[in-house]
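To start, the structure under review is shown below, and the notes come after it.
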Amino acid sequence: MAVPVGLIGASGDGPLRPEAVEETLVARGPAKDKVLGMPMALWNRLTARLSRNFGDWTAATAWQSASQWLPGLLFFGGLVVVWQLMALSGRWSPVLLPGPLAVAHYLFAATLDGTLTFALLVTLQRLALGYGIGLVLGLPLGLLVARFPVFRQIIGRLALGLQTLPSVCWVPLALIWFGQNEVAMLFIVVMGSLWSVVLATEAGVRTVPPLFMRAARTMGSTRLHIWTHVMVPAAMPQLVGGLRQAWAFAWRSLMAAEIYVSVAGHAGLGNLLHYGRELLAMDQVMGVMLVIALIGLAADFALFQPWERMLRRRWGLERP
748 MAVPVGLIGA
758 SGDGPLRPEA
768 VEETLVARGP
778 AKDKVLGMPM
788 ALWNRLTARL
798 SRNFGDWTAA
808 TAWQSASQWL
818 PGLLFFGGLV
828 VVWQLMALSG
838 RWSPVLLPGP
848 LAVAHYLFAA
858 TLDGTLTFAL
868 LVTLQRLALG
878 YGIGLVLGLP
888 LGLLVARFPV
898 FRQIIGRLAL
908 GLQTLPSVCW
918 VPLALIWFGQ
928 NEVAMLFIVV
938 MGSLWSVVLA
948 TEAGVRTVPP
958 LFMRAARTMG
968 STRLHIWTHV
978 MVPAAMPQLV
988 GGLRQAWAFA
998 WRSLMAAEIY
1008 VSVAGHAGLG
1018 NLLHYGRELL
1028 AMDQVMGVML
1038 VIALIGLAAD
1048 FALFQPWERM
1058 LRRRWGLERP
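Here the numbering used here = 1-based position in the sequence shown + 747.
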């Protein structure tokens, strides 16, 4: 059984035992009940957790973990190789089809001079604010649509119609109403994500079995308690999928907004994409497109997939 590096003693004899560490620290007076400043109870929990995580680590499990990533790595690696061969073939001009090395050189240079980092921070700030406003407005509207038929007939149909509207359609209205400023971009992002949140919330609540609500009423729950402790938690598996879709819509809406709306001194990723097109700098265009795609994947892997996995385990749909 392989032992984690952090649990090997300084002499390399074997795992570091809490008892041995405590004996070496007895002379330190009040610190004798701590290991490197850590209480013994916390140390014991930490070593037990590491033992569970690393104790069953074998070559078979290592290969199983690697096999989950290997097909994707081979596929995308093959795409990069094909891309490089196409760029080296000379059939297309390097201005129109730069190779992956040229794109990597642009990304490296733009990161060093701060252009790409600043644009990334500006874009993420706009996205977080617009998506947050869409959630704050969309969740209660979705609950109203699910609870009251009159709201379902009015707001539900309005949300269904406006969700099918491409985000770029809001750009002319935003420019005319608000001008070239941050408010116009915020409006486009909110309108791109709001209606998806409304429809996802309404669909999630309506899929909850009515038996849950009747059982809660039988046990004396009030209306507010039923909605906050029964209906909304039961609708979360469906709601997470809607929130993921709303994130994608907000991301696309922001890119459309930044391409058409320019705020002096606050250029985002969409603005860099637009500037690259104007200057025929295809390495910049393709580099920014790559960054946009990677951000979308990172958000899905870091936020929505763990959340969805946790809910599936909680409802017994997936084993821990």
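All residues carry an ideal CB built from backbone N, CA and C; glycine is no exception.
None of these values were measured; they are calculated from a predicted model.
Check your understanding: Does the stretch 992-1008 come close enough to the stretch 930-937 that 3 or more CB-CB pairs lie under 8 Å?
Key -> With three or more CB-CB distances shorter than 8 Å, the stretch 930-937 counts as touching the stretch 992-1008.
Exercise for review: Find the nearest neighbour of residue 1049 within the set 1008, 1002 and 991, judged by alpha-carbon distance.
Suggested key: Selected option, being the one with the closest Cα: 991.
**Study point:** Nearest neighbour of residue 1035, chosen from 906, 1054, 1055 and 1014 [CA to CA]
**Key:** When the alpha-carbon of residue 1035 is set against those of 906, 1054, 1055 and 1014, the nearest one is in 1014.
Point to revise | Host alpha helix (DSSP H) of residue 976 (start-end) | key: According to the DSSP assignment, residue 976 belongs to no alpha helix (DSSP H), since it is labelled neither H nor E.
Check your understanding: Looking at residue 989 and residue 954, is the spacing between their C-beta atoms short of 8 Å?
Key -> In this structure, residue 954 keeps its C-beta atom at 8 Å or more from the C-beta atom of residue 989.
Review point. Could you give the residue range of the alpha helix (DSSP H) that holds residue 1024?
Key: Note, residue 1024: alpha helix (DSSP H), 1016-1025.
Point to revise | Rounded separation between residue 1011 and residue 927 - CA only | key: Here the C-alpha atom of residue 1011 lies approximately 9 Å from the C-alpha atom of residue 927.
Review point. When the Cα atoms are used, what is the spatial distance from residue 957 to residue 893?
Key: Their backbone Cα atoms lie some 13 Å apart in a straight line.
Exercise for review: Assign residue 1045 to one of two classes, buried (16 or more other C-beta atoms within 10 Å of its C-beta) or exposed (fewer than that).
Suggested key: Residue 1045 comes out exposed.
Point to revise | Length of the line joining the Cα atoms of residue 984 and residue 844 | key: Taking the straight line from one Cα to the other gives about 43 Å.
Review point. Taking Cβ positions, are residue 977 and residue 889 nearer each other than 8 Å?
Key: Not closer than 8 Å, so no.
**Study point:** Nearest-angstrom Cα separation, counted from residue 863 out to residue 1021
**Key:** Cα-Cα distance, rounded: 14 Å.
**Study point:** Inside the stretch 915-982 only - alpha helix (DSSP H) runs reaching at least 4 residues
**Key:** Entirely contained in the stretch 915-982, the alpha helix (DSSP H) runs reaching 4 residues are, in chain order, 917-925, 929-953, 957-965 and 970-973.
Practice item. Entirely within the stretch 831-887 and at least 4 residues each: give me those alpha helix (DSSP H) ranges in chain order. Key: Those alpha helix (DSSP H) runs which fall completely within the stretch 831-887 and span 4+ residues are 847-859.
Check your understanding: My guess is that residue 1039 and residue 1058 are in contact by the Cβ rule of under 8 Å, so how many angstroms apart are they, rounded?
Key -> The Cβ separation is near 28 Å, so there is no contact.
Review point. In whole angstroms, what is the alpha-carbon distance linking residue 911 and residue 905?
Key: So the alpha carbons of these two residues sit roughly 10 Å apart.
Point to revise | Own chain residues within Cβ distance below 7 Å of residue 1019, not counting five before or after | key: So the list reads 866, 1031 and 1035, once near-sequence residues are dropped.
Practice item. Can you give me the start and stop residues for the alpha helix (DSSP H) that residue 1047 sits inside? Key: Unbroken run through residue 1047: none, as it is neither H nor E.
Check your understanding: Which residues in the same chain have their Cβ closer than 8 Å to the Cβ of residue 835, if we skip the five residues on either side of it in sequence?
Key -> Excluding positions up to five away in sequence, the list reads 846.
Review point. In chain order, what residues of the same chain have a beta carbon less than 7 Å from the beta carbon of residue 1054, not counting five sequence neighbours either side?
Key: 987, listed in sequence order.
Review point. Quick one: does residue 1022 have its CB under 8 Å from some CB of chain D?
Key: No chain D appears in the structure shown, which is made up of a single protein chain.
Review point. What separation, rounded to the nearest whole angstrom, lies between the Cα atoms of residue 876 and residue 883?
Key: Answer to the nearest angstrom: the Cα atoms are 11 Å apart.
Exercise for review: Please list, in chain order, all residues of the same chain as residue 960 whose beta carbon is under 8 Å from its beta carbon, the five residues on each side excluded.
Suggested key: Closer than 8 Å at the Cβ level, and outside the excluded window around residue 960, lie 973, 977 and 978.
Point to revise | Beta-carbon proximity check, residue 1070 vs residue 850, cutoff 8 Å | key: In the structure as shown, the chain starts at 748 and stops at 1067, and residue 1070 therefore has no counterpart that could be examined.
Check your understanding: Residues in its own chain within less than 8 Å of residue 839 by CB, not counting five upstream and five downstream?
Key -> Excluding sequence neighbours, residue 839 sits near 833.
Review point. Do residue 940 and residue 1009 have their C-beta atoms within less than 8 Å of each other?
Key: Contact flag unset, no.
Point to revise | For residue 821, the three-state DSSP class (helix, strand or coil) | key: In the structure shown, residue 821 sits in a helix (DSSP, three-state: H, G or I).
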